[in-house]
Structure formats: C-alpha cells, structure tokens
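See structure below.
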Amino acid sequence: MNRINSQALAGKIALVVGASRGIGAAIAAAFAEAGAEAGAAVVLAARDQAALALRVAEIEAAGGKALALPVDVRDEAAVVGLLDQVRNRYGRLDAAVNNFAGGGRPPAPLADWDSAEFDSALAVDLRGVFLALKYELRLMQLNPDGGAIVNMSSTAGEQGVSGLAGYVASKFGVGGLTRVAALDYAAAGIRVNAIAPGPILTDHLAAAGPRAQQMAAAAVPLGRVGRVEDVAEAAVWLCTEQSSFVTGAVLVVDGGRLAGVPAFAVNPVRKG
C-alpha cells in the first residue's frame, strides 16, 4: 500500500476504534505500515480482545508499533477510559478513525422494526460515534498542531436503502455529526471527515458467496467490489497533511455507484 509519505506520520499516535476485523483492521494495518519507519504508533480498540490481539501481532510482525485496548462504544465510561489510557501512555492523539457497524436487525420494512431494534442500531452506529468524537476531540485539543478524525459512514448514509431503517438513519446522522464537529473545531486545527464506502469485500460479503459478490460488482461502474485496502488508504490520507485543506467532507469510496445509473453502454473514444 504505502503511497503515503512516511514523514507525514512521524511520531504520530493514531487510534482506530472498531479495529478487530474488516475495514477497521485494514485501516490499523495501513497506519502502522505507513508510519513504521517514522516512529508512529497505532492503538486498536474494539470489544473482541482476542481478535485485537491477533491484529496487533500481525502489525508487529510486519515491523509496526501497535497497542490493543478493549472498549464498548455503547458505554460512555468505557470510551472515557479508552481515551484516558491513550493519554496516559502517549500524552497525545493525532489521528482517530471511528469504524462502527453494529446493532439493528435483518432488513425489514420500517413498520416491522421494533423500537428496541432501532435503538440498538443507533446506540453503536450513531451514539457510539458521538461518544468517540467527544472524547477524541477533548484529547486532540491539547495538541498545538491539531489533528484529524475520520468517521465511517456508508453509501447508505448518502442514499436510502429499503429495509435498513436503523442503519440508514444512523449513517445519515454520522454525516451530520461529522460536519458539525468539523465546524466546531476548525479553529483548533482539527479536521473531521467521513468515508462512505460502497460494496466492500469484507467477511460479511465473502460469506455471502460468489453469486452475491457478482451481483454487488454488477452495480458498480468500475466493475468490481471494493477492497478493504481501498477504504484504508483513503482513511490514512484524510489523517495526513496531504489532505490539509479537507474538512467537513464525506468521501464516497464506491467505484462510482452513487454517481448515477448508466442508461446505456458508451463505447470509449479510441485515439489514433
């Protein structure tokens, strides 16, 4: 991967919340790889401590620096404790990625959603982002040069998806929180952005089988589903000075799926 200037991460401390697998694990690995030669360190946080330990071992085997800390983002005290541990160990926080996708129920028409199921979706995907942002921002404010935060949204936060009331409401909310935080903390030099991935080959899509993957790819103008590394590279870029004039944005990483619906095939223009 490493297309990021390693010196952009020299001595930096990054936190990835939701780093036990999938996109979050790829983001943590990308931070570690990009900053390995510059003394950067990445903190991985999630509920699954066994999975976190595996991710840390992989990063360290590749020459990176990593630390695993448990957290349940539904618990405010746990989020406070996480950021306190980061502060006590490193004294600062330069970059953070909040990667949450949990709660709720299988797809169903809105009237079939139980209110407790809806609340469960919001507790992780929206309230969890709020809590993480709140305490990450407080720690980042101690930095004279600010910092950068990336929240994980979804194309379902940019366009409605039938049957996913809780998830869609949460992800639309993430875009709003991202923009508010960007405005509130711009003067402190803290940039806050979001990423909205489209179909990505995570464990969930892999388990759905080749047919589901083919159907997902068919809806993407670039003709394939995304890789977790596609999202990871975007997240690292948004946390470096290479994106220093980008804040309050939702970066769509979806192979062009939200660009529109192609009405007909267009033959590429041939040169010569």
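Residue numbers (the numbering used here): 8 to 279. Note that the Cβ used here is the ideal one computed from N, Cα and C, for glycine as well.
Would the C-beta of Ala-69 count as close to the ligand ATP, meaning under 6 Å from any of its heavy atoms?
This structure does not include the ligand ATP; it has no bound ligands of any sort.
If you check the beta carbons only, do Leu-51 and Ala-26 fall under 7 Å apart?
As a working note, residue 51 is residue 44 in the sequence shown. As a working note, residue 26 is residue 19 in the sequence shown. Cβ atoms of Leu-51 and Ala-26: closer than 7 Å.
Can you check which of these residues, Ala-224, Gly-233 and Ile-197, is closest to Pro-151 by C-alpha distance?
Translated into the one-based positions of the sequence shown, residue 151 becomes position 144. Comparing Cα-Cα distances from Pro-151 to each of Ala-224, Gly-233 and Ile-197, the minimum goes to Ile-197.
With three or more C-beta pairs closer than 8 Å as the rule, is the segment 244–254 touching the segment 158–168?
no
If we count the other Cβ atoms within 10 Å of its Cβ and call it buried at 16 or more, is Gly-18 buried or exposed?
Your numbering for residue 18 matches position 11 in the sequence shown. When all chains shown are included, Gly-18 counts as exposed.
Should Leu-22 and Leu-100 be called a contact, given that it needs their Cβ atoms to be closer than 7 Å?
The sequence position of residue 22 within the sequence shown is 15, counting from 1. The sequence position of residue 100 within the sequence shown is 93, counting from 1. The answer is yes: Cβ separation under 7 Å.
Less than 8 Å between C-beta atoms, sequence neighbours within five positions excluded: which residues of the same chain meet that for Val-253?
What you label residue 253 is simply residue 246 of the sequence shown in a count that begins at 1. These residues qualify, in order along the chain: Arg-198, Asn-200 and Leu-245.
Under a three-way DSSP split, which group does Gly-135 fall into?
On the sequence shown, residue 135 is found 128 positions in, with the first residue counted as 1. Reduced to three states, the DSSP call for Gly-135 is helix.
Quick check on DSSP: helix, strand or coil for Ala-256?
Counted from its first residue, the sequence shown places residue 256 at position 249. Reduced to three states, the DSSP call for Ala-256 is coil.
Specify the secondary structure class of Asn-200 as computed by DSSP and reduced to three states.
Locating residue 200 in the sequence shown gives position 193, where the first residue counts as 1. Asn-200 falls in the strand class under three-state DSSP.
Quickly, what does DSSP pair Leu-22 with across the bridge? List them, please.
Position 15 of the sequence shown, counting from 1, holds the residue named residue 22. Beta-bridge pairing links Leu-22 to Val-50 and Ala-103.
Between Pro-77 and Val-268, what straight-line distance do the alpha-carbon atoms span, to the nearest angstrom?
Taking the sequence shown and counting its residues from 1, the one referred to as residue 77 is at position 70. Taking the sequence shown and counting its residues from 1, the one referred to as residue 268 is at position 261. The straight-line gap from Cα to Cα measures roughly 42 Å.
Who are the Cβ neighbours of Ala-356 in its own chain at under 7 Å, not counting the five residues just before and after it?
Only positions 8 to 279 of the chain appear in this structure, which leaves residue 356 out of reach.
Helix, strand or coil, according to DSSP, for Gly-205 in the structure here?
Here residue 205 refers to the residue found at position 198 when the sequence shown is read from its first residue. Secondary structure of Gly-205 (DSSP, three-state): coil.
Indicate whether Ala-203 and Ser-169 have their beta-carbon atoms separated by less than 7 Å.
If you number the sequence shown from 1, residue 203 lands on position 196. If you number the sequence shown from 1, residue 169 lands on position 162. In this structure, Ser-169 does not lie closer than 7 Å to Ala-203 by Cβ.
Among residues of its own chain, excluding the 5 on either side of Asp-121, which ones have a beta-carbon nearer than 8 Å to its beta-carbon?
Sequence index remark: in the sequence shown, residue 121 carries index 114 (1-based). For Asp-121, where only same-chain residues beyond five positions count, the Cβ hits under 8 Å are Arg-112.
When DSSP labels each residue in this structure, what does Leu-89 get in the three-state scheme?
On the sequence shown, residue 89 is found 82 positions in, with the first residue counted as 1. Note: Leu-89 maps to helix in three-state DSSP.
Taking just the CA atoms, how far does Ala-32 sit from Leu-144?
What you label residue 144 is simply residue 137 of the sequence shown in a count that begins at 1. What you label residue 32 is simply residue 25 of the sequence shown in a count that begins at 1. Those two C-alpha atoms are separated by around 22 Å.
What is the DSSP secondary structure of Ala-17, reduced to helix, strand or coil?
Taking the sequence shown and counting its residues from 1, the one referred to as residue 17 is at position 10. Three-state DSSP puts Ala-17 in coil, outside helix and strand.
Alpha carbon to alpha carbon, how far is Arg-218 from Asn-105? Give it in angstroms, no decimals.
Within the sequence shown, residue 105 is the residue found at index 98, counting from 1. Within the sequence shown, residue 218 is the residue found at index 211, counting from 1. If I take the Cα positions, the gap works out to 31 Å.
Within its chain, find whatever has a CB closer than 7 Å to the CB of Leu-89; leave out the 5 residues flanking it on each side and keep chain order.
Within the sequence shown, residue 89 is the residue found at index 82, counting from 1. Once the five neighbours on either side are set aside, the close Cβ partners of Leu-89 are Ala-52, Leu-76 and Val-78.
Please list the terminal residues of the continuous beta strand (DSSP E) segment that includes Gly-154.
As a working mapping, residue 154 is identified with position 147 in the sequence shown. Counting along the chain, the beta strand (DSSP E) containing Gly-154 begins and ends at 154–159.
Tell me, which residues are paired with Ala-75 by DSSP?
In the sequence shown, the residue the question calls residue 75 occupies position 68. Leu-51, per the DSSP bridge assignment.
Contact defined as beta carbons within less than 8 Å: I believe Leu-212 pairs with Gln-220. What is the distance between those atoms, to the nearest angstrom?
Taking the first residue of the sequence shown as 1, we reach residue 212 at position 205. Taking the first residue of the sequence shown as 1, we reach residue 220 at position 213. Cβ atoms of Leu-212 and Gln-220 come within 8 Å of each other, at about 6 Å.
If Thr-209 sits next to Ile-30, beta carbons under 8 Å apart, how far is it from one beta carbon to the other, in whole angstroms?
By one-based count along the sequence shown, residue 209 stands at place 202. By one-based count along the sequence shown, residue 30 stands at place 23. The Cβ separation is near 6 Å, so the contact holds.
To which residues does DSSP link Gly-183 through a beta bridge?
Walking along the sequence shown from the start, residue 183 turns up at place 176. Looking at the DSSP output, Gly-183 bridges to nothing.
Along the chain, where does the alpha helix (DSSP H) that runs through Trp-120 open and close?
By 1-based counting over the sequence shown, the position of residue 120 is 113. Annotation for Trp-120: no alpha helix (DSSP H) segment contains it, and DSSP assigns it neither H nor E.
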